[in-house]
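**Student:** Residue numbers (our numbering): 301 to 831. So that we are looking at the same thing, I have put the structure below in structure tokens.
Below, the structure is given as structure tokens:
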């Protein structure tokens, strides 16, 4: 139960999709032809060149939608609301019975949402997300039973899983050369919405002294307006996977039908073409994008750099989101249910959002030889996060806990853009999207297992203080693994250094995020990996 849990998903998802499109110029997947050749298609101008006004207004409307959909002033105060006299749930119920449902729901909905986003071309999934948001706040307004709050968490999981649709939607509006700039606009609008939402919520609680019921009612009004805006979004005609393949197949079938009609006129008794068309259709799935990408995943796991950052994404993001889900329950240890004016959840979330954006921006200017020092950098930051978790779980000062949380988020957000570009810089956009999707799904499975063992009432049902001790041990173990890996990599590098100097071989240049160049030819269905 965390104020910006959906915003965090949007943040990272948007960075992932930005990276997917930033490397899109490395080469597209090629669809193998069948027995009949497709006529050469005429070159078409981009949509933004044909209708510049329509394109600009579409981007402005999408950013406005992202901003409005992020304004939920009551979100930082959901946990205090559940623990207050208005809802009157116990801390044990919130910790061990309500909050774990979020992780289970997210795992169950993630894969269908990922596939339906592309198959249905984004807009329907954004509408589903808007409906889920409305249901969440209706349940918070009217719900009083445990099962109703569990359903509220279920729909939070649906909302988080549908976040990918917003970031991917931009791909259908602009060409690849404009994607990075437009993606920055959409991400900034969402983060600004999260910041404004947190500030408004904090002002309502600290200055206005409004009730949690009133705050939930205001949030319901904002998300309802966001649902209306999602219904007004234009429906894209293309997407990254399914609809590209569908358009390709449609063009092939149209050409084949036209050719068949001409041949039937010349030779009505000739059935050879029909057999060829049937064979082509039956084997079409073998040339699909997904089949090629699944075959190439074997080469992805063989690359040390891609393997390292993918593992970081799975394991460290798992611990990161578990902390975000339960930190508000930890903060409730420092305040009473009736002492609303001393609850500063909204202000802390606003500050952590701004500082996280700043650290992500700074990461783009870091110059370092990541093939040598990646493990060491990850080990140091993971160790710092482990120390902050220990501090959060043992301190008796709420402001120390707030500060540790802000720093914990900043350290994670510093590595997110680095991991994103390290993974994406040598992959095609389609394969990159699949790799990030698999990493996210594996991390969700790990979160579910940890939740089931330590948090769920069917497991150990630990209290929140004990859970943060578990998270500290988790990050400490990761630190040990990263340190050992860093020692091995650095030892091998310096051991082989004299040999490189004797051979007068060129030294690798530092890797700079702001000017990415692929170290190897990107993987695609038409090119094998260079190993």
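Note that beta-carbon positions come from the ideal geometry of N, C-alpha and C, so glycine has one too.
Under DSSP, the alpha helix (DSSP H) around residue 435 begins and ends at which residues?
**Tutor:** Locating residue 435 in the chain shown gives position 135, where the first residue counts as 1. Per DSSP, residue 435 belongs to the alpha helix (DSSP H) from 423-442.
**Student:** Can you name the start and end residues of the alpha helix (DSSP H) that residue 456 belongs to?
**Tutor:** Taking the chain shown and counting its residues from 1, the one referred to as residue 456 is at position 156. Residues 446-461.
**Student:** CB residue 355 to CB residue 474, shorter than 8 Å?
**Tutor:** Here residue 355 refers to the residue found at position 55 of the chain shown. Here residue 474 refers to the residue found at position 174 of the chain shown. Yes, these two residues count as a Cβ contact at 8 Å.
**Student:** On the DSSP letters alone, give me the boundaries of the alpha helix (DSSP H) that residue 376 sits inside.
**Tutor:** Indexing the chain shown from 1 puts residue 376 at position 76. Unbroken run through residue 376: none, as it is neither H nor E.
**Student:** For residue 775, which option in 513, 614, 460 has the closest C-alpha, if you only look at C-alpha atoms?
**Tutor:** Counting from 1 along the chain shown, the entry for residue 775 is found at position 475. Per the Cα distances, 614.
**Student:** Please state whether DSSP places residue 668 in a helix, a strand or coil.
**Tutor:** As a working note, residue 668 is residue 368 in the chain shown. Strand.
**Student:** On the CB-based measure, 16 or more other CB atoms within 10 Å of its CB, does residue 380 come out buried or exposed?
**Tutor:** The sequence position of residue 380 within the chain shown is 80, counting from 1. When all chains shown are included, residue 380 counts as buried.
**Student:** Pick helix, strand or coil for residue 658, following the three-state DSSP scheme.
**Tutor:** Here residue 658 refers to the residue found at position 358 of the chain shown. Residue state, collapsed to three classes: helix.
**Student:** What does the alpha-carbon distance come out to for the pair residue 443 and residue 640?
**Tutor:** The residue you call residue 443 lines up with position 143 of the chain shown. The residue you call residue 640 lines up with position 340 of the chain shown. Whole-angstrom Cα-Cα distance: 21 Å.
**Student:** Please confirm whether residue 748 and residue 404 have their CB atoms less than 8 Å apart.
**Tutor:** If you number the chain shown from 1, residue 748 lands on position 448. If you number the chain shown from 1, residue 404 lands on position 104. Going by C-beta atoms, residue 748 is nearer than 8 Å to residue 404.
**Student:** Where does the unbroken alpha helix (DSSP H) through residue 698 begin, and where does it stop?
**Tutor:** In the chain shown, counting from the first residue as 1, residue 698 sits at position 398. 698-724 is the span of the alpha helix (DSSP H), which, as asked, contains residue 698.
**Student:** Please identify the residue among 683, 651, 436 whose C-alpha is closest to the C-alpha of residue 777.
**Tutor:** By 1-based counting over the chain shown, the position of residue 777 is 477. Taking only the C-alpha atoms, the option nearest residue 777 is 683.
**Student:** Could you check whether residue 649 and residue 519 sit closer than 8 Å to each other, using their CB atoms as the reference points?
**Tutor:** By 1-based counting over the chain shown, the position of residue 519 is 219. By 1-based counting over the chain shown, the position of residue 649 is 349. No; because the gap between Cβ atoms is not below 8 Å, this pair is not in contact.
**Student:** Are residue 723 and residue 533 closer than 8 Å when you measure CB to CB?
**Tutor:** On the chain shown, position 423 is the one that residue 723 refers to. On the chain shown, position 233 is the one that residue 533 refers to. No, they are not a contact pair.
**Student:** Along the alpha helix (DSSP H) that carries residue 465, what are the first and last residues, could you check?
**Tutor:** Walking along the chain shown from the start, residue 465 turns up at place 165. Unbroken alpha helix (DSSP H) run through residue 465: 464-469.
**Student:** Taking the straight line between their C-alpha atoms, what separation do you get for residue 489 and residue 744?
**Tutor:** Within the chain shown, residue 489 is the residue found at index 189, counting from 1. Within the chain shown, residue 744 is the residue found at index 444, counting from 1. Each residue's alpha carbon lies about 27 Å from the other.
**Student:** Measure from the alpha carbon of residue 372 to the alpha carbon of each residue in 426, 719, 436, 385, then state which is nearest.
**Tutor:** Your numbering for residue 372 matches position 72 in the chain shown. Selected option, being the one with the closest Cα: 436.
**Student:** Can you determine whether any heavy atom of the ligand SAH sits closer than 7 Å to the C-beta of residue 777, and answer yes or no?
**Tutor:** By its list of ligands, the structure shown contains no ligand whatsoever, and the ligand SAH lies outside what it can speak to.
**Student:** Taking C-beta to C-beta, are residue 768 and residue 760 nearer than 8 Å?
**Tutor:** Here residue 768 refers to the residue found at position 468 of the chain shown. Here residue 760 refers to the residue found at position 460 of the chain shown. No, the pair does not count as a contact, with Cβ atoms beyond the cut-off.
**Student:** In terms of alpha-carbon separation, which member of 460, 779, 478, 661 lies closest to residue 406?
**Tutor:** Within the chain shown, residue 406 is the residue found at index 106, counting from 1. Ranking the options by Cα distance to residue 406, first place goes to 460.
**Student:** Report the option in 400, 378, 418, 770 whose CA atom is closest to the CA atom of residue 535.
**Tutor:** Here residue 535 corresponds to residue number 235 of the chain shown, with the count starting at 1. Minimum Cα distance to residue 535 is reached at 418.
**Student:** For residue 339, does the count of other Cβ atoms within 10 angstroms reach 16, so buried, or fall short, so exposed?
**Tutor:** Locating residue 339 in the chain shown gives position 39, counting from the first residue. Reliability fails at residue 339, whose pLDDT of 37 lies under 50, so the model's placement of it is uncertain and the value that follows must be treated cautiously. When all chains shown are included, residue 339 counts as exposed.
**Student:** For my contact list, residue 505 and residue 646 are in at a C-beta cut-off of 8 Å; report their separation, rounded to the angstrom.
**Tutor:** The sequence position of residue 505 within the chain shown is 205, counting from 1. The sequence position of residue 646 within the chain shown is 346, counting from 1. Indeed, because the Cβ distance is near 7 Å, the residues count as touching under 8 Å.
**Student:** Consult DSSP for residue 386 and reduce its assignment to one of helix, strand or coil.
**Tutor:** Locating residue 386 in the chain shown gives position 86, counting from the first residue. Residue 386 falls in the coil class under three-state DSSP.
**Student:** Go through its chain and collect everything with a Cβ distance to residue 493's Cβ below 6 Å, but skip five positions before and after it.
**Tutor:** To locate residue 493, count along the chain shown from 1; it is residue 193. The residues are 367, 370, 371.
**Student:** Go ahead and label residue 740 buried or exposed: buried means 16 or more other beta carbons lie within 10 angstroms of its beta carbon, across all protein chains shown.
**Tutor:** The residue given as residue 740 occupies position 440 in the chain shown. Residue 740 is buried by the Cβ-count criterion.
**Student:** According to DSSP, is residue 412 helix, strand or coil?
**Tutor:** Reading the chain shown from its first residue, position 112 is the one you call residue 412. Here residue 412 sits in helix by DSSP.
**Student:** Once the 5 residues before and after residue 399 are set aside, which same chain residues still bring their CB inside 8 Å of it?
**Tutor:** Within the chain shown, the letter at position 99 stands for residue 399. Excluding sequence neighbours, residue 399 sits near 301, 453, 625, 626, 629, 755.
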